[in-house]
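Encoded as structure tokens, the structure appears first; notes follow it.
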Amino acid sequence: MYQEYKEGTYVIEHEDADIWVAKNLKQDQVNYYYGGTRTVPHNYSKDQAYEVISYLRNYESGLKNLLINEAIQNGVFEKDKERLPIGFSNSIVGGGRCIIQPKTKEIESIILDTMHPRHKEVIDSLFKTLGDFLENQDGVIKLTPDFGKFAGLADMLYQYTDNVLGIRCEDGGCGGKASYTSTGIIAAIEAMGYGKDYAGPVTLIGSNGACGIGVLAYLMEKGYKDIAVADLFYDDNPELTKELGGKGVKILPGIKGKFTDECLCRGGLIVATTTGGELLNSNLSVIKDGTVLLLAHNEAIPVTQEALDTVEEILNKKNICIIPGQLLTFGGALTSRLEWFFRANRKEKELFNKEQAHDSVRKVTNFCFKVHVEGKERTNLFRRLFSMVD
Numbered sequence: 340m341y342q343e344y345k346e347g348t349y350v351i352e353h354e355d356a357d358i359w360v361a362k363n364l365k366q367d368q369v370n371y372y373y374g375g376t377r378t379v380p381h382n383y384s385k386d387q388a389y390e391v392i393s394y395l396r397n398y399e400s401g402l403k404n405l406l407i408n409e410a411i412q413n414g415v416f417e418k419d420k421e422r423l424p425i426g427f428s429n430s431i432v433g434g435g436r437c438i439i440q441p442k443t444k445e446i447e448s449i450i451l452d453t454m455h456p457r458h459k460e461v462i463d464s465l466f467k468t469l470g471d472f473l474e475n476q477d478g479v480i481k482l483t484p485d486f487g488k489f490a491g492l493a494d495m496l497y498q499y500t501d502n503v504l505g506i507r508c509e510d511g512g513c514g515g516k517a518s519y520t521s522t523g524i525i526a527a528i529e530a531m532g533y534g535k536d537y538a539g540p541v542t543l544i545g546s547n548g549a550c551g552i553g554v555l556a557y558l559m560e561k562g563y564k565d566i567a568v569a570d571l572f573y574d575d576n577p578e579l580t581k582e583l584g585g586k587g588v589k590i591l592p593g594i595k596g597k598f599t600d601e602c603l604c605r606g607g608l609i610v611a612t613t614t615g616g617e618l619l620n621s622n623l624s625v626i627k628d629g630t631v632l633l634l635a636h637n638e639a640i641p642v643t644q645e646a647l648d649t650v651e652e653i654l655n656k657k658n659i660c661i662i663p664g665q666l667l668t669f670g671g672a673l674t675s676r677l678e679w680f681f682r683a684n685r686k687e688k689e690l691f692n693k694e695q696a697h698d699s700v701r702k703v704t705n706f707c708f709k710v711h712v713e714g715k716e717r718t719n720l721f722r723r724l725f726s727m728v729d
């Protein structure tokens, strides 16, 4: 059973959780709507849950897919379309999203604890209900369950519906999406000119997360000479910090919910592969002119006039460049789109072309930076991108 909470947003009933699914009806004439999945706290009100899913549907999944659509429509893949999956090179995908709101604190803890004896049972039951809903939508909505650091969630949902992306390679999927996201971030680093000069300071915040690990490996492999990292994980893992220190990597303090002064004052390139929301909670007065901030997450600032005005004030005071995450982290969304059209035409036992996917991410990143960043380094890029949705 489900009900339409507001137009385009549905709440699916389950004994353990409310499962919210949304599609962006402003984007019509699409092949399908697509987005990820996350959990929200059990004690959120319905208004709070709706606010979260609306933001993610419109300004995360929706905006990323708008950028990908724009690149496709401007011929980024014109020379490659014979090699790409049939249907991909003229595809249009809209923003979708799913959030799972546990009904009790106990269920919330079970969902978030992979070692709990009831974890698989609860997730499986939720996914059966979600899968039935997606099947009844006739393929209009497709999702990737990717909350937390839990491997194999997409494969669990795949038991109940084909309308899930990011499944294992044996079944024609792209596998985990983190590496494709890392590729987009790395392509952005190079698009900003840092792939030619390895001497300047580079600071990676959130360096031990799924994407951060990939970016750090790239920086070290390329021989960047002044790398500093910050991650809360290091606080309880001195052996890892010692290992990194032995390779010439500086370890800086990290604080949940903000960027530390030690990170911001280094100047040069700062890459944040964090959970988001830190920018406006940080002491931005210590940032040096010329700093480039790549905020490689999807919720850098709220979509409010106040937040946009604050970014404007920062850019007026400082000669810096702030790149929103939607220009950096669409690698998973793009690869999932490639996966869907590949699976639709897949020959038996044929594997997804990962190399082609990484190359596609680099091409779209380069296009986006030429269109939205070059010559606009001191522009409020948040305002520019958010206006694409509005």
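In our numbering, the protein residues as written are 340 to 729.
For every residue, glycine included, the Cβ atom is placed at its ideal position computed from N, Cα and C.
>> Whole angstroms are fine: how far does the CA of Gly585 sit from the CA of Tyr371?
In response: Your numbering for residue 371 matches position 32 in the sequence shown. Your numbering for residue 585 matches position 246 in the sequence shown. For Tyr371 and Gly585, the distance between alpha carbons rounds to 49 Å.
> Going straight from the alpha carbon of Ile425 to that of Lys459, what length do you get?
Replying inline: By 1-based counting over the sequence shown, the position of residue 425 is 86. By 1-based counting over the sequence shown, the position of residue 459 is 120. Cα to Cα, Ile425 sits roughly 36 Å from Lys459.
> In three-state terms, what does DSSP make of Arg436?
Replying inline: Walking along the sequence shown from the start, residue 436 turns up at place 97. In the structure shown, Arg436 sits in a strand (DSSP, three-state: E or B).
>> Can you tell me whether Arg377 is helix, strand or coil according to DSSP?
In response: Taking the sequence shown and counting its residues from 1, one reaches residue 377 at position 38. In the structure shown, Arg377 sits in a strand (DSSP, three-state: E or B).
>> Using C-beta distances below 6 Å, list every residue in its chain close to Tyr447, excluding the 5 sequence neighbours before and after it, in chain order.
In response: Position 108 of the sequence shown, counted from the start, is the residue given in the question as residue 447. In the sequence under discussion, the amino acid at residue 447 is Glu, which differs from the Tyr named in the question. Excluding residues within five positions, the ones whose Cβ falls inside 6 Å are His381 and Pro441.
> Quick one: what's got a C-beta closer than 6 Å to Gly539's C-beta in the same chain, skipping five residues either side?
Replying inline: Locating residue 539 in the sequence shown gives position 200, where the first residue counts as 1. Counting only Cβ-Cβ distances below 6 Å, and skipping sequence neighbours, we find Gly607.
>> Quick check on Leu583: buried or exposed, where buried means 16 or more other Cβ atoms within 10 Å of its Cβ?
In response: The count along the sequence shown starts at 1 and reaches residue 583 at position 244. Buried, because 16 or more other Cβ atoms sit within 10 Å of the Cβ of Leu583.
> Where DSSP assigns a beta bridge to Trp359, which residues make up the other side?
Replying inline: Taking the first residue of the sequence shown as 1, we reach residue 359 at position 20. Note: Trp359 sits in a beta bridge opposite Val350 and Ile438.
> Shortest alpha-carbon distance to Lys595 belongs to which of Glu578, Glu617, Cys604 and Glu352?
Replying inline: Residue numbering aside, residue 595 sits at position 256 when the sequence shown is read from its first letter. The shortest C-alpha separation from Lys595 is found at Glu617.
> From Asn637 to Glu343, what does the alpha carbon distance come to, in whole angstroms?
Replying inline: Along the sequence shown, one-based indexing puts residue 637 at 298. Along the sequence shown, one-based indexing puts residue 343 at 4. Roughly 26 Å between the two C-alpha positions.
>> Which residue wins for smallest C-alpha separation from Ala527, given the options Glu409, Phe669, Leu647 and Ser624?
In response: Reading the sequence shown from its first residue, position 188 is the one you call residue 527. Of Glu409, Phe669, Leu647 and Ser624, the residue nearest in Cα terms is Phe669.
> Nearest to Leu492 by CA position, among Gly593, Ile462, Ser384 and Glu390, is which residue?
Replying inline: Numbered from its first residue, the sequence shown carries residue 492 at position 153. The shortest C-alpha separation from Leu492 is found at Ile462.
>> Any contact between the stretch 350-362 and the stretch 416-436? By contact I mean 3 or more CB pairs, one from each, below 8 Å.
In response: yes
>> Are the CB atoms of Leu469 and Ile480 within a distance shorter than 8 Å?
In response: To locate residue 480, count along the sequence shown from 1; it is residue 141. To locate residue 469, count along the sequence shown from 1; it is residue 130. Not closer than 8 Å, so no.
> Do Val625 and Ile640 have their CB atoms nearer than 8 Å?
Replying inline: Within the sequence shown, residue 625 is the residue found at index 286, counting from 1. Within the sequence shown, residue 640 is the residue found at index 301, counting from 1. No, they are not a contact pair.
> Tell me, which residues are paired with Ala611 by DSSP?
Replying inline: Within the sequence shown, the letter at position 272 stands for residue 611. Beta-bridge pairing links Ala611 to Ile544 and Leu634.
> Okay, do the stretch 655-674 and the stretch 720-728 touch, 3+ Cβ pairs below 8 Å being the bar?
Replying inline: yes
>> Run through the DSSP bridge pairs and tell me what Pro484 is partnered with.
In response: The residue given as residue 484 occupies position 145 in the sequence shown. In the DSSP output, where bridge partners are listed per residue, Pro484 has Thr376.
> By the 10 Å Cβ neighbour count, where 16 or more other Cβ atoms means buried, how is Arg422 classified, buried or exposed?
Replying inline: Residue 422 sits at position 83 when you count from the first residue of the sequence shown. Exposed: under 16 other Cβ atoms inside 10 Å.
>> Can you find the residues in the same chain that come closer than 7 Å, C-beta to C-beta, to Val415, ignoring five residues on each side of it along the sequence?
In response: Working through the sequence shown from its first residue, we reach residue 415 at position 76. Hits under 7 Å: Lys702, Val703 and Phe706.
>> Ignoring anything shorter than 4 residues, give me the alpha helix (DSSP H) runs that lie fully in the stretch 581-626, in order along the chain.
In response: 600-603
> How about Leu603 and Ser621: are their beta carbons less than 8 Å apart?
Replying inline: For the purposes of this step, residue 603 is taken as residue 264 along the sequence shown, with counting starting at 1. For the purposes of this step, residue 621 is taken as residue 282 along the sequence shown, with counting starting at 1. Yes. Within cutoff.
>> Quick check on the DSSP output: what are the complete alpha helix (DSSP H) runs of length 4 or more inside the stretch 642-675, in order along the chain?
In response: 644-656
>> What residue range does the beta strand (DSSP E) around Val568 cover?
In response: Position 229 of the sequence shown holds residue 568. Per DSSP, Val568 belongs to the beta strand (DSSP E) from Asp565 to Ala569.
>> Report the CB separation of Ile431 from Gln368 in whole angstroms; it is logged as a contact under 8 Å.
In response: Counting from one through the sequence shown, the residue named residue 431 turns up at place 92. Counting from one through the sequence shown, the residue named residue 368 turns up at place 29. Going by Cβ atoms, the distance from Ile431 to Gln368 rounds to 6 Å, so yes, they are a contact pair.
>> Per the DSSP calculation, Gln366 is bridged to which residue(s)?
In response: Within the sequence shown, numbered from 1, the residue matching residue 366 stands at position 27. In the DSSP output, where bridge partners are listed per residue, Gln366 has none listed.
>> Check this for me: beta carbons of Gly532 and Leu543, under 8 Å apart or not?
In response: Your numbering for residue 532 matches position 193 in the sequence shown. Your numbering for residue 543 matches position 204 in the sequence shown. Taking 8 Å as the Cβ cut-off, Gly532 and Leu543 do not qualify as a contacting pair.
>> Between Arg457, Leu666, Ala569 and Arg507, which has its C-alpha nearest Asp600's C-alpha?
In response: Here residue 600 corresponds to residue number 261 of the sequence shown, with the count starting at 1. Minimum Cα distance to Asp600 is reached at Ala569.
> Do you know how far the Cα of Thr443 is from the Cα of Gln695?
Replying inline: Counting from 1 along the sequence shown, the entry for residue 695 is found at position 356. Counting from 1 along the sequence shown, the entry for residue 443 is found at position 104. Computed Cα separation, rounded: 43 Å.
>> So, at 7 Å on beta carbons, what are the nonlocal neighbours of Leu642 in its own chain, with the 5 sequence-adjacent residues on each side left out?
In response: One-based indexing of the sequence shown puts residue 642 at position 303. First, the amino acid is wrong: residue 642 is Val here, not Leu. Contacts found: Tyr394, Tyr398 and Phe725.
> Where does the unbroken alpha helix (DSSP H) through Gln498 begin, and where does it stop?
Replying inline: The residue you call residue 498 lines up with position 159 of the sequence shown. Element bounds for Gln498: n/a, residue is neither H nor E.
> What residue does the beta strand (DSSP E) around Glu343 start on, and which one ends it?
Replying inline: Walking along the sequence shown from the start, residue 343 turns up at place 4. It spans Tyr341 to Lys345 - the beta strand (DSSP E) in which Glu343 sits, taken as one unbroken run.
> Starting from Met454 and walking both ways along the alpha helix (DSSP H), at which residues does that stretch end?
Replying inline: Residue numbering aside, residue 454 sits at position 115 when the sequence shown is read from its first letter. From DSSP, Met454 is part of no alpha helix (DSSP H); its letter is neither H nor E.
>> With three or more C-beta pairs closer than 8 Å as the rule, is the stretch 515-530 touching the stretch 672-686?
In response: yes
>> Quick test of your reading: Ile566 and Leu558, contact by CB under 8 Å. State the CB separation rounded to the nearest angstrom.
In response: Here residue 566 corresponds to residue number 227 of the sequence shown, with the count starting at 1. Here residue 558 corresponds to residue number 219 of the sequence shown, with the count starting at 1. 5 Å between Cβ atoms; contact.
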